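One line per chain: the protein sequences are P and A, in this order.
Using the numbering used here, the first residue of the first sequence is number 2, and each one after it goes up by one.
Using the numbering used here, the first residue of the second sequence is number 630, and each one after it goes up by one.
Glycine included, every Cβ here is placed at the ideal spot set by N, Cα and C.
Note that the coordinates shown come from a computational prediction; the quantities given were computed from them, not determined experimentally.
Written below as structure tokens is the structure these notes are about.
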Amino acid sequence: MFDLRLPSGIFFAIIGALLIFMGLTMTDLQAPMTTANVDLYAGLAMFVFGAVLLLLASRK
Amino acid sequence: MKLSLADYSILALYFCFVIGIGWKLRKSVTSAGEFLTAGHHVPVWITSLAFLAANLGAQEVVGMMASGAKYGIMTAHFYWVGAAPAMIFAGVFMMPFYYGSKARSVPEYLKLRFDEKTRALNAITFAVMTIFSSGISMYALGRMFQLVLGWSFDASVILSAVIVLAYTWLGGLTSAIYNEVLQFFLIVLGFSPLSILVIARAGGWHGIQQRLAPSMTHAWKYMGSPAQNPMGIETFGMVAGLGFVLSFGYWCTDFLVIQRALAANSMSAARRTPLIAAFPKMMMPFIVILPGIAALALTKMGTGYSLPVKGNSYDYDQTLTTLMASFYPSGMLGVGLTALMASFMSGMAGNVTAFNTVFTFDIYQGYIRKNASDRHYLTVGRITTVAGIGLSIAAAYLAVRFNNLNDLLQLVFSFVNPPLFATFLLGMFWKRATGHGAFFGLLCGTFAAAFTQGLSTAEGKGGWITGLHDFPSQMAQNFWISIFAWITCFVVTILVSLATVPHSDDRLEGLVHGLSKLPRDLAPWYRRPVPLAIIVAVTLVVLNLAFR
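This is the structure in structure tokens:
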């Protein structure tokens, strides 16, 4: 049986990285009701979550 | 709503991962037991999150946000009153009998405890209802993507069905459970930013309270009489109907959720599964209900967002998707839609894996072919998985053709489900309860529900016999139907049991309280069920006081 934290960690790290990239480079992307850089902050949160899962999986 | 290439890539990446997880697990499926019951070796944190995610379908997420906008914080009772106490009871009191009896399914427990006919009644109604609920949620998903994104109904139904089929076919229940955990993470991470953004824009909880009627932001204060609150229900009906009958009937007896706990790797882990799941469950209102309430506040503020209108009221079902379109830029929008797809898939995979187990073990092995090889049942399990998904698709198209199907099914479910908990309660805690008692109790409970519906009206529905009483809302009617059904089942089961021959004590060993020995739990206190249950209960009280 493989460790589920591994694929989950990779998945959120990739999505997090993609969102961070979009948040930093495509500054014209903006939702109608908010001025916050949603992609950047949500991407950071997902990247950190993914990294924590990978860290936990590697420390067995 | 328009999606960009980035949004589609996120969705595609998600599909690759779920199928990839199924592919990685394919080698572990060597027997019917592995495929259908995950062979009792799933770690407890995974079974706990799957326990929660299997219930967290797309309809739930969309529906709860709609209810938040319509009824306010009282909607949270579906989580606090209507889930957490039952989850505590399931973990502390019921799991020892389910797990200890070695039954592979809930109907099988009924066979061991009562008799064949009680099992058959439960297995067949469960199998049929599972298929229909899976089909109806498929229909709802197809309609929503059609409306919001302009996708073809056929394409979204078939695509999602094929992906769920692929990963359940490959890795069986283990694969469904593992994916449910990934789906749960995605739901939380995909919807929490929305919650934060929407609530902040509405001025925080304090700002929301200032803009809405007080009955929308207090969970208990206006429950004295049905006329005071938007749900049209009073404390007793809510606590007894939702909090006791419906909630215990679902969380303690529905095989869809119990199956996740039974996959755990020890008795202690099985007992802790619903208890650990109760923590995230109690927090879900912050992600799925508060944004709905905030959406109503934003509408009143005239900020530029307003709830979509249908006829002369709001179209509450579109709350979630319109909020996403207003607050998520491309990128996060893809994550949000993927989360929606994930919630749909976790619900569907839950239904399919529960269906194939009940069909294979309780219907096929029980009544069609008793003593075949394990390989044979593995093949049957796989074929049933395909058939289950095929039938769900058929049910979805049936819903397209008959608009009232959903209403009709909700009605049937509300007749069949409420009596169940009375049967299990008596079965597990009263050794005198007999098979005849259980069977006739269940039947009479269902009839009592139908009669209550026939004798009362609410919002113009029901009263097909005569309208003796009018309820202020359909929800109130539904809760009271459940209360009557439960009492009838309880009383009839006792009366018939007393009039029939009791089961012998040695036949009931391990199945009934008082005739079962629980192994001593030597784990440290924080890994034992009872201390966990106390922490859940305290958290629950604090939440209710905070939002009273």
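Pairwise C-alpha distance: residue j and residue i
| i | j | result |
| --- | --- | --- |
| Leu41/P | Gln812/A | 22 angstroms |
| Thr1117/A | Gly764/A | 31 angstroms |
| Ala1016/A | Met970/A | 22 angstroms |
| Lys1060/A | Asn751/A | 20 angstroms |
| Ile787/A | Gly1019/A | 10 angstroms |
| Leu654/A | Asp4/P | 11 angstroms |
| Ile792/A | Trp1093/A | 43 angstroms |
| Ser789/A | Val735/A | 28 angstroms |
| Phe1068/A | Thr1122/A | 8 angstroms |
| Ser730/A | Ala924/A | 48 angstroms |
| Gln1103/A | Glu663/A | 43 angstroms |
| Val886/A | Ile11/P | 28 angstroms |
| Gly651/A | Gly976/A | 17 angstroms |
| Ser824/A | Leu1151/A | 41 angstroms |
| Trp1154/A | Ile1163/A | 11 angstroms |
| Val874/A | Phe956/A | 39 angstroms |
| Arg1149/A | Leu1174/A | 35 angstroms |
| Glu809/A | Leu826/A | 26 angstroms |
| Pro958/A | Ala682/A | 26 angstroms |
| Leu1127/A | Gln947/A | 52 angstroms |
| Gly1143/A | Leu904/A | 23 angstroms |
| Arg7/P | Phe646/A | The sequence given here places Leu at residue 7/P; Arg does not occur at that position. Whole-angstrom Cα-Cα distance: 11 angstroms. |
| Phe988/A | His835/A | 51 angstroms |
Chain A contact for residue i (CB, 8 angstroms cutoff)
| i | result |
| --- | --- |
| Thr35/P | yes |
| Val39/P | yes |
| Ser9/P | yes |
| Leu56/P | no |
| Leu5/P | yes |
Test: residue i CB closer than 8 angstroms to a CB of chain P
| i | result |
| --- | --- |
| Gly1089/A | no |
| Tyr943/A | no |
| Phe646/A | yes |
| Leu642/A | yes |
| Ser955/A | yes |
| Pro1131/A | no |
| Gly800/A | no |
| Pro822/A | yes |
| Phe757/A | The residue you asked about is not Phe; residue 757/A is Val in the sequence shown. So no, Val757/A is outside the interface. |
| Leu811/A | yes |
| Gly649/A | yes |
| Ala964/A | The amino acid at residue 964/A is misidentified as Ala; the sequence shows Val. Closer than 8 angstroms: yes. |
| Tyr807/A | yes |
| Leu685/A | no |
Beta-carbon neighbours of residue i, restricted to chain P and to distances below 7 angstroms
| i | result |
| --- | --- |
| Pro958/A | Leu30, Gln31, Ala32, Val39 and Asp40 |
| Ser1102/A | What Ser1102/A touches in chain P: nothing, since even the nearest Cβ is about 32 angstroms away. |
| Met961/A | Leu20, Val39, Asp40 and Ala43 |
Under 8 angstroms by beta carbon: chain P residues contacting residue i
| i | result |
| --- | --- |
| Phe814/A | Ser9, Phe13 and Phe50 |
| Tyr637/A | Per Cβ cutoff of 8 angstroms: no residues; Tyr637/A is ~12 angstroms from chain P at best. |
| Ile792/A | In chain order: nothing, as chain P lies at least about 15 angstroms away. |
| Leu818/A | Phe13, Ala43, Ala46, Met47 and Phe50 |
Contacts around residue i, its chain only, beta-carbon distance under 8 angstroms, and the 5 residues preceding and following it disregarded
| i | result |
| --- | --- |
| Ala1025/A | Gly764, Ile765, Met767, Tyr768, Gly771 and Val786 |
Spatial neighbours of residue i in its chain, beta-carbon cut-off 6 angstroms, leaving aside the 5 residues before and after
| i | result |
| --- | --- |
| Leu739/A | Thr747, Arg748 and Asn751 |
| Ala1051/A | Trp1115, Cys1118 and Phe1119 |
| Thr950/A | Val777 |
| Trp780/A | Phe774 |
Proximal residues to residue i (C-beta, below 7 angstroms), its chain only, five neighbours per side dropped
| i | result |
| --- | --- |
| Asn1/P | Residue 1/P is absent from the model: chain P starts at 2 and stops at 61. |
| Gly870/A | Phe1108, Trp1109, Ser1111 and Ile1112 |
| Val658/A | Phe664, Gly800 and Gly801 |
| Met860/A | Tyr700, Met703, Ser1102 and Met1104 |
| Thr754/A | Val1045 |
| Ala968/A | Leu815, Ile816, Gly819 and Phe820 |
| Cys881/A | Ala715, Phe718, Ala719, Met723, Phe1050 and Phe1053 |
Interface partners of residue i on chain P, CB under 9 angstroms
| i | result |
| --- | --- |
| Lys653/A | Phe3 and Pro8 |
| Leu826/A | Ala32, Met34, Thr35, Ala37 and Val39 |
| Gly665/A | At residue 665/A the sequence reads Leu, which differs from the Gly that was named. Going along chain P, no residue has its Cβ under 9 angstroms from Leu665/A, so there is no contact; the nearest lies around 17 angstroms. |
| Ile675/A | Leu5 |
ask   = At a Cβ cut of 9 angstroms, what residues of the region 913-939 of chain A count as close to chain P, listed as they run along the chain?
value = Leu927, Thr932, Gly933 and Tyr934
task = Pull out every residue of the region 828-857 of chain A whose Cβ sits closer than 9 angstroms to any Cβ of chain P, in chain order.
result = Ala829 and Arg830
message = So if I threshold CB-CB distances at 9 angstroms, which residues from the region 867-898 of chain A count as touching chain P?
response = none
ask   = Taking a cut of 9 angstroms between CB atoms, which residues from the region 728-740 of chain A lie near chain P?
value = none
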